[in-house]
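Working notes for the structure below.
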Amino acid sequence: MAKPSALTVDVMNAPQVSPIGGLPSRGFAEPHQNKQQAAPKNDALVQIRCSKAAAKEVKRAAVEAEMTISEFMLVCFHAYMKR
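This note's numbering applies: residue 826 is where the sequence shown begins, and numbers increase by one.
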């Protein structure tokens, strides 16, 4: 077990030595401007619950319309609101 030593000013001002086997610091990642510009303006996620059969129908319809599921559901929502 390590023995305690007296706490003096010299001990407190001693330079910090990082361990040789330690991992390098991770730092901070700079956000890329391209990702921020490419992000959609309305990126709020909406989740709905439906049966597996209904989910397959939505996926199939979106593929047939050559859209993503999100785009397809947005078109469906706008059509519903116009009725």
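Quick reminder that beta carbons are idealized off the backbone N, C-alpha and C, glycines included.
For residue 892, the three-state secondary structure derived from DSSP is coil.
DSSP places residue 834 in the uninterrupted alpha helix (DSSP H) bounded by 834–837. In terms of Cβ geometry, residue 904 and residue 897 do not form a close pair [threshold 8 Å]. Pairing residue 881 with residue 902, the inter-Cα distance amounts to about 18 Å.
Between the C-alpha atoms of residue 878 and residue 891 there is a straight-line separation of about 20 Å.
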